[in-house]
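Asks: The structure is given below, and queries will be raised subsequently.
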Amino acid sequence: CEDRLNPAPVAALNSAEAFDTPSRVLLQVNNMYDYMKAGSFLGGRYQVYGDIRANDFLNRTSNLVTGAAVWQHTVTESSQNDVINLWGAGYSAINQINVFLAGLEANSAKFTATPFPSDFATTATGYAAEGRFLRALAYYSLLQFYARPYTDGNGSKPGLPLRLKAELDLRDNDLARSTVAEVYTQILADLTFAEQNLPLTNTSNVTRAHRNTAIALKTRVYLSMARYADVVTEANKIVSATAPFRATTGVQHALQPSITTVFVGNQSTTESILSFPFTPQDAPGTQNQLAFYFLPNAQGGGGEYSLNANGVLSDPRFLATDERNTSFVTRVSNVPYLRKYQNGALSPAPYTDNAPVMRYSEVLLNLAEARFRTAGATDPQALALLNAVRTRSAPTGAYAAFTDVAAAVDAVLLERRIEFLGEGLRNNDLMRLQQTIPAKATISAVPPTAALYIWPIPNSELATNTLMTRN
Amino acid sequence: QTRAVTGQVVGTDGAALPGVTVIVKGGAQGTSTDTEGRYSLSVPANATTLVYSFIGYASKEVVIGTQSSINVTLASGATGLDEVVVVGYGTQSRRDLTGSVATVTAAQIANKPVQSFEQALQGQASGVNITTPNGVLNAPPVVRIRGVNSISLSSAPLYVIDGIPAFSGNSSAVGSVPNNPLSNINPNDIESVEVLKDASATAIYGSRAAGGVILVTTKRGKKGQSKISVDSWAGWTEPVRLYDVLNTAQYMEIKNEAVRNLNANLVAQGLAPSAIEGFRPTQDANGNTVDTRWYDYIYRTGFSTSNNINFSGGSEKTSYYTSVGYTDQKGMLEGNTFKRASGRINIDHKVFSRFTVGLRAGYTNSRTASPNSGSVGDGAFGTAGLGRLPLVLPPNVPARNIDGSYNISGAGIGPGANINPTSATAANPNGSPLLPGYYNPLVDLENNYFRSDGNEVQGSIYANLELIKGLNLRTTYGVYNIAFEDKAFYTPIAGDQYNVGSASNFYRTNKRWNWQNTLQYDVTLAGKHNLSFLAGNENQNTNIDRWGLNRSSVADPFFTTLQGGYVNVASSGNFQGENFLTSYFGRINYNFSSKYLATINVRRDGYSAWAKKWGNFYGASLGYAISEEDFWKNSSALSKVSFLKFTGSYGEVGNAQGIDDYASLRLYEAGLYGPSPTFYLSSVGNPELTWETSKKTDVGVSFGLLDDRITGDVAYYRNLLDGLILQVPQAASRGIPGGQIPDNVGSMRNTGVEINLRVDAIRKTDFTWSINANLTTLKNRVLALASEGQRIGTATSGLETVNYTKAGQSVGEILAVRSLGVNPENGRRLIQLRNEDGTFTTVQYNHSSTSTGNGWTTLDGRNSRAPNQLVDGEYFGPVIPTWYGGFDNSFRYKGFDLGVFVQFSGGNYIYNGTKAGLHDQRFWNNDVDILDRWTETNRGGEWPRVVYGDNTSNGSALIMSNNVEKGDFARLRNVSLGYSLQPTLISRLGMSSARFYVQVQNAALLTKYSGIDPEISTNGASNTGAGVDRNSVGQARTYTVGFNIGF
């Protein structure tokens, strides 16, 4: 009778048994990635929001569900689809990671006996490193929308509630915000742990983290903190001193000869450092798919956003012959659209393009910018790095030389806009440099002093966490 | 030494009553009357009194004396004081009852054009509020006994069919088609329905009794009688009270006027008047202007039939009842059908004088099909809902093109000649066609389908051994198994799965076994102390499994089933649950000369879903039948009151209905990361979770006047619900799955008064008139939620939030900003803002398509903030009726009978969101009353000046008081006129009874509510989301003709 009073579900696993076998632990590792690639987070919408906040895209449907408020800077604390959902998805991922990390620790005694192999302790440390890498990525990503840039007051501004424990019961609900600097400190601590403990290669080097993934993210994080010397130090670990630039240890990241090969199929080349995968069984979900946002209706997309003819498209340095123009810009009735995500047909494959997070070209451009800023406009390696990315797609577009740092950095930033169009890096760049979010169509510019320069804290947090403060 | 007594039993109408039980008082001898109401019984010499009883009639005691022939007339008395009342695990005489139990008899349930018996209970019993949330066949009614009894769990009562707890609530996996498992019970098989309301009556059901208990008893054969009955009816169902919407000419007039007003607004801002008067006539094949009445494609007169045959009988040893039934019902919505084939066998057999066995068994196949009505399954805002489409779609576009093809454009309906008024640009000065985005309902109706079938096997076997006189040991084993097969198909032609096409099938099994063992001892000591003891235990196991598939991207239009050709396949709708309930219970009834009465019920339950598994529940009651005192009986003044009993009860019962089987557990579920499987933390559980508690108090008085020609009762009830499970919201940054953790933290109270009155107003041989009336009041107060000041919003179909639940108020009150009407100066909607200092400011809205300001200004023209529901809103009071009841009149003149049944309800508010939509100034069609809009020449117009694109002034984008209405109504729910053939005639025809009747269900509605139906509840059975009318279809009117013939 007591047994009958404790029926075990057969389609769900009791938490007490979650760490009983190596396979269950591995499935939870996969899960941390899966939460990071939630449609509302890095599985699509983070990338979309990162681009549409700026001026390279035009909203075509005025649909609040698909980012119209982000595009026109009218988000509020109660904006469900963006402000509330991105926060919720980010922190859901963080808690799944924290629960896993706590579980690894609590169950470490099990790992020394069968069915666990004798070297599982090392494996488990590697898993923990994957968790901490992902947690760093989650906090970094949330900071770019919900907190003032690090460069505004050296991280002294209010950051995020720093949740590092497994949240499982009714206790410890309220938590105040840490400063931006405190959150960055945690991100760097996680990434350093990850770098030291991640394997050199993983079962998939695009959809799972390995040591170079952590290093690559460190270059992005230091860049956002304007710690350019550290960017150089980190990038040097995975970028050879001379062309052809590539990583010489761990996964051999390198640029592909043609950028189109990066986006054909499943972004599985060594240029993709981290992308999140989708399949028809594990689809991105309605109105999260990158192809749905950017492809025109006529090509199977939702036509939500077209390219802004007055955005980066109009910059003379974005050459008409540039492969990123010839291959990734498509025009329907003279309206330009981005065609980087090509699996756009609703049927039969439901938009299964991977969601990109980091590519090797970003590391090269991170390093180029950091070197221009630290070694000066004439730094030959910086120029070589910039040209490596640029001339791959625009063979005739090589920059000769720069005489002033501002011009050199400007060239790098423009290259980033062209190279990562639709990959969601634009907002990161605007924030770290505290640049004005440019005007577009009828939408005014947003200067860094404006309240809406960053998103409001969602009311889902304000209403439930008494220690939370508004932006 | 015995002697024979013979006689005939007739009703007050003079018709013979077959099946009346005749027993010797205090003895073992008994019989029942034959088809002509005659009986013959040998009685012992020492017998003094015979008792005549018959369900639905007041029983009668007659002193034998020296008579050898006794003819008796029984008065029909549905709530007669001496009737036998079914209570949990037994029966009791109403006279001795101290708990609160309402009885509804077979006649009130059978032969109604309903799908499930609860629908027929509407208005029939005090304390039971039943709402028909929409007019879709087989949608479960919302049943509330003495108020809303939970916030997060189910407020529904526990249904028990012949002792075995039933499955209830919509069980379909396909949103568009409802399936109420209780419709598998053929209402014609039901002998009586008892509603247990207070703690004394319900405590024997312990942890499941907070929402009350409804006991259904199916028919049994009667001793000494062999009978065949045929009951048939045919019915016609049609919609009533549909909104009058604009025809083509009116539509084009209003919408183009709205465009002109928009242009005027643009000019006033110094902008170009760029909007196009794009609402233009479309021609049909004959060159006439298209004027589509969308209702004609969606509604119809549905024809229904129902046929039931049963035969029953009994000998000294065996009695049996068997029936077969088939009903085929077509609703007023095209494609909405319900079919049920059912069979039942009930047998009781006396193996030895002290050993009885029996069987109750029913099998049913039911099939429900429905189009997407938008009225069930959170579909209120869908672009396919048939409740909404005829209100929204332009009348000046056709359903079909001239060539006969569907008028479609992509997924939605085609534009006809209409041009999108705001689509003109410099490059496109003539604008683009107006694509509504809503679907062509014809495509859905002719190609898609949504079906839910049920196969139910339900029943039990029992054995009863009388160990010594009065001591019965009984064991009952029951099963309740239902298999549901749900199917959906969406065409790729247009609509929800445009260009894709998909089919889904779901298979669900509910399997329950239940084993009860009871020991009952009835004894009378010293002739006056009547004692009854019950002890028992019960174990119940329930398994629910569901799995399903969705296949999409149909290969060819030829395929319309899951088995066809598709590109993709995905699992869908998987569910697995198991729960176990184990219980010990007991009852003591004591009465002293039927004068002083006491009952104690206790139950101890262990339930698997809870973290704290075991709970104790009880109910105790006292009664005092003062009219049984000698001083009362001997006083000529007092004895005018033939019966007077005071009762009181208190107890604590629990609520477990609706809790997830694994709610207290911390669980991981499987997912996918691309091609790799995952385990994710799916719920954190709560290791403290346990029952919600309902502390019920009941004080009542029942009475009989003038020899019980007037009987009734009045009761005051108070239910204090404690430890209500609420999903305690967690900081979003905690990342807890679902964002909340269930905990026993809330409390709520329901109080009210119930009055029942039964009057035999006229009792003549040729003419009788009886009145049955009941009235219930209800006051609901939420006392505590998860945190101080918490405001729980309940969204309608997941979108618009109208209802808010807050401590100190009734559950789910409507929060709306105050509309102050239309400004006669300029035709703008006036809204009241609440300022931070508590004062009010009146603001007005002027729509324009550009964003220079938000359109809101003060009366002196300054820009204002926009009204905000949470800041400026007011609460409007309860959304659940504060008073309700029924008023039933039965007339009988010779062979004619007339029933007039009025159901009434009120004191509640309704948010009429449908009305908001009907005055929206996008391309949506409008109610004809929009013609009384403000214009320069009609400054007193009821509706604001129409401005194209304005969805604020009407309430689509702002919950406003203009769309909040009172929900009071009286409904002529049923009128029936019957004629029974005279006994002499029918016996010549070889029949024992024959009645022909006509009946109108939902014959008339008296209400000030402006919507289709004040009973509409778009959020269905939601505890906190009642009182919302958003695009749902109302109740139909049904005319039936039928006959009941007995042989």
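Here the protein sequences come in this chain order: A and B. Using the numbering used here, read the first sequence as starting at 5 and increasing by one per residue. Using the numbering used here, read the second sequence as starting at 227 and increasing by one per residue. We put the CB at the ideal spot given by N, CA and C, even for glycine.
By how many angstroms is the C-alpha of G1121 of chain B removed from the C-alpha of I430 of chain B?
Replies: For the purposes of this step, residue 430 of chain B is taken as the residue at position 204 of the second sequence. For the purposes of this step, residue 1121 of chain B is taken as the residue at position 895 of the second sequence. The alpha-carbon atoms of I430 of chain B and G1121 of chain B are separated by roughly 44 Å.
Asks: Taking 8 Å as the CB-CB limit, is L17 of chain A close to chain B?
Replies: Start at 1 with the first residue of the first sequence, and residue 17 of chain A comes out as number 13. Cβ-Cβ to chain B under 8 Å: yes for L17 of chain A.
Asks: Output, in sequence order along the chain, the residues in the stretch 951-962 of chain B whose CB is closer than 9 Å to any CB in chain A.
Replies: Under the 9 Å Cβ criterion, the stretch 951-962 of chain B contributes V954, P955, Q956, A957, A958, S959, R960, G961 and I962.
Asks: Please report the straight-line C-alpha distance between D948 of chain B and V979 of chain B, rounded to a whole angstrom.
Replies: The residue you call residue 948 of chain B lines up with position 722 of the second sequence. The residue you call residue 979 of chain B lines up with position 753 of the second sequence. Approximately 21 Å between the Cα atoms of the pair.
Asks: Using a Cβ-Cβ cut-off of less than 9 Å, give me the residues of the stretch 296-310 of chain A that come near chain B, in sequence order.
Replies: N301
Asks: Please classify Y1119 of chain B as buried or exposed, where buried requires at least 16 other C-beta atoms within 10 Å of its C-beta.
Replies: Walking along the second sequence from the start, residue 1119 of chain B turns up at place 893. With fewer than 16 Cβ atoms within 10 Å of its Cβ, Y1119 of chain B is classed as exposed.
Asks: Just list the residues that DSSP pairs E420 of chain B with in beta bridges.
Replies: Counting from 1 along the second sequence, the entry for residue 420 of chain B is found at position 194. Paired residues: B:T329 and B:L441.
Asks: Would you mind reading off the limits of the alpha helix (DSSP H) that contains K222 of chain A?
Replies: Position 218 of the first sequence, counted from the first residue, corresponds to residue 222 of chain A. First-last of the alpha helix (DSSP H) with K222 of chain A: R215 to S228.
Asks: Following the continuous beta strand (DSSP E) through A824 of chain B, name the residue where it begins and the one where it ends.
Replies: Walking along the second sequence from the start, residue 824 of chain B turns up at place 598. Counting along the chain, the beta strand (DSSP E) containing A824 of chain B begins and ends at Y822 to Y833.
Asks: Inspect the CB distances between the stretch 865-874 of chain B and the stretch 114-133 of chain A and report whether three or more fall short of 8 Å.
Replies: no
Asks: Report the rounded CA-to-CA distance for T305 of chain B versus S380 of chain B, giving the unit in angstroms.
Replies: For the purposes of this step, residue 305 of chain B is taken as residue 79 along the second sequence, with counting starting at 1. For the purposes of this step, residue 380 of chain B is taken as residue 154 along the second sequence, with counting starting at 1. Summary for T305 of chain B: the model assigns pLDDT 45, below 50, so the residue's position carries little reliability; its value from the coordinates is reported in the next sentence. Cα-Cα distance, rounded: 30 Å.
Asks: Apart from the five residues just before and just after G447 of chain B, which ones in its own chain have a Cβ nearer than 6 Å to its Cβ?
Replies: As a position in the second sequence, residue 447 of chain B is number 221, starting the count at 1. The answer, listed in chain order, is S538, G539, G540, S545, Y546 and Y547.
Asks: Thinking just about the alpha-carbon of each residue, which of B:V705, B:A761 and B:S797 is nearest to the one in N776 of chain B?
Replies: Here residue 776 of chain B refers to the residue found at position 550 of the second sequence. Cα-wise, what sits closest to N776 of chain B is B:S797.
Asks: Residues of chain A with CB under 7 Å from F905 of chain B, in chain order?
Replies: As a position in the second sequence, residue 905 of chain B is number 679, starting the count at 1. L17, A22, R28, L31, Q32 and N35, listed in chain order.
Asks: Using alpha carbons as the reference points, say which of B:V298, B:N412, B:G325 and B:G263 lies closest to A332 of chain B.
Replies: Here residue 332 of chain B refers to the residue found at position 106 of the second sequence. Ranking B:V298, B:N412, B:G325 and B:G263 by Cα distance to A332 of chain B puts B:N412 first.
Asks: Quick check: the stretch 295-311 of chain A against the stretch 62-71 of chain A, are at least 3 beta-carbon pairs closer than 8 Å?
Replies: yes
Asks: In angstroms with no decimal places, state the Cα-to-Cα distance between A218 of chain A and E918 of chain B.
Replies: Taking the first sequence and counting its residues from 1, the one referred to as residue 218 of chain A is at position 214. Taking the second sequence and counting its residues from 1, the one referred to as residue 918 of chain B is at position 692. Approximately 50 Å between the Cα atoms of the pair.
Asks: Among the residues of its own chain, which have a CB less than 6 Å from the CB of S1075 of chain B, if the five just before and after it don't count?
Replies: Numbered from 1 along the second sequence, position 849 holds the residue referred to as residue 1075 of chain B. With a pLDDT of 48 at S1075 of chain B, under the threshold of 50, the modelled position of that residue is not reliable, and no figure is offered here.
Asks: Could you please give me the residues that DSSP links to I634 of chain B through a beta bridge?
Replies: If you number the second sequence from 1, residue 634 of chain B lands on position 408. Under the DSSP definition of a beta bridge, I634 of chain B partners with B:I639.
Asks: For chain A, check one thing: does any of its Cβ atoms lie closer than 8 Å to the Cβ of S908 of chain B?
Replies: Walking along the second sequence from the start, residue 908 of chain B turns up at place 682. True, the Cβ-Cβ gap to chain A drops below 8 Å.
Asks: Using the three-state DSSP reduction, which class does I988 of chain B fall into: helix, strand or coil?
Replies: To locate residue 988 of chain B, count along the second sequence from 1; it is residue 762. It is a strand residue.
Asks: Starting from M362 of chain A and walking both ways along the alpha helix (DSSP H), at which residues does that stretch end?
Replies: Locating residue 362 of chain A in the first sequence gives position 358, where the first residue counts as 1. Counting along the chain, M362 of chain A falls outside any alpha helix (DSSP H), though it belongs to the beta strand (DSSP E) covering A359 to R363.
Asks: Does any residue of chain A have a CB that is nearer than 8 Å to the CB of D969 of chain B?
Replies: One-based indexing of the second sequence puts residue 969 of chain B at position 743. So, interface residue.
Asks: Would you kindly report the start and end of the unbroken alpha helix (DSSP H) that includes L492 of chain B?
Replies: By 1-based counting over the second sequence, the position of residue 492 of chain B is 266. From DSSP, the alpha helix (DSSP H) with L492 of chain B extends over T474 to A494.
Asks: Return the first residue and the last residue of the beta strand (DSSP E) that T1233 of chain B is part of.
Replies: Working through the second sequence from its first residue, we reach residue 1233 of chain B at position 1007. Its beta strand (DSSP E) spans residues S1219 to T1233.
Asks: Determine, using beta-carbon pairs with one atom in the stretch 420-428 of chain B and one in the stretch 749-762 of chain B, whether at least three such pairs fall under 8 Å.
Replies: Contact between the stretch 420-428 of chain B and the stretch 749-762 of chain B is absent, because fewer than three Cβ pairs lie under 8 Å.
Asks: Which bits of chain A does N472 of chain B rub up against, with CB to CB less than 9 Å?
Replies: Indexing the second sequence from 1 puts residue 472 of chain B at position 246. The amino acid occupying residue 472 of chain B in the given sequence is Leu; Asn does not appear at that position. Per Cβ cutoff of 9 Å: no residues; L472 of chain B is ~27 Å from chain A at best.
Asks: Tell me which residue opens and which closes the beta strand (DSSP E) that L775 of chain B is part of.
Replies: Here residue 775 of chain B is taken as the residue at index 549 of the second sequence, counted from 1. Where L775 of chain B is concerned, the enclosing beta strand (DSSP E) stretches over H755 to V780.
Asks: So, helix, strand or coil for N99 of chain A, using DSSP?
Replies: Position 95 of the first sequence, counting from 1, holds the residue named residue 99 of chain A. N99 of chain A: helix per DSSP, three-state reduction.
Asks: What does the alpha-carbon distance come out to for the pair T232 of chain B and I1212 of chain B?
Replies: Within the second sequence, numbered from 1, the residue matching residue 232 of chain B stands at position 6. Within the second sequence, numbered from 1, the residue matching residue 1212 of chain B stands at position 986. Approximately 23 Å between the Cα atoms of the pair.
Asks: To the nearest angstrom, report how far apart L1157 of chain B and F1149 of chain B are at their CA atoms.
Replies: Walking along the second sequence from the start, residue 1157 of chain B turns up at place 931. Walking along the second sequence from the start, residue 1149 of chain B turns up at place 923. Cα to Cα, the separation comes out at about 15 Å.
Asks: Using a Cβ-Cβ cut-off of less than 8 Å, list which residues of the stretch 381-405 of chain A approach chain B; keep chain order.
Replies: none
Asks: Would S908 of chain B pass as a contact of A15 of chain A if the rule is Cβ separation under 8 Å?
Replies: Here residue 908 of chain B refers to the residue found at position 682 when the second sequence is read from its first residue. Here residue 15 of chain A refers to the residue found at position 11 when the first sequence is read from its first residue. In this structure, A15 of chain A does not lie closer than 8 Å to S908 of chain B by Cβ.
Asks: Just the chain A side, please: which residues come within less than 9 Å of A796 of chain B by C-beta, in chain order?
Replies: For the purposes of this step, residue 796 of chain B is taken as the residue at position 570 of the second sequence. Those within 9 Å of A796 of chain B in chain A are P284, Q285 and A287.
Asks: For N347 of chain A, tell me which candidate among A:L389, A:A381, A:A324 and A:G304 has the shortest Cα-Cα distance.
Replies: Mapped onto the first sequence, residue 347 of chain A falls at position 343. Checked all of A:L389, A:A381, A:A324 and A:G304; the closest Cα to N347 of chain A is A:G304.
Asks: Compare the C-beta of Q51 of chain A with all C-beta atoms of chain B and state if any pair is closer than 8 Å.
Replies: Here residue 51 of chain A refers to the residue found at position 47 when the first sequence is read from its first residue. With 8 Å as the cut-off, Q51 of chain A does not count as an interface residue toward chain B.
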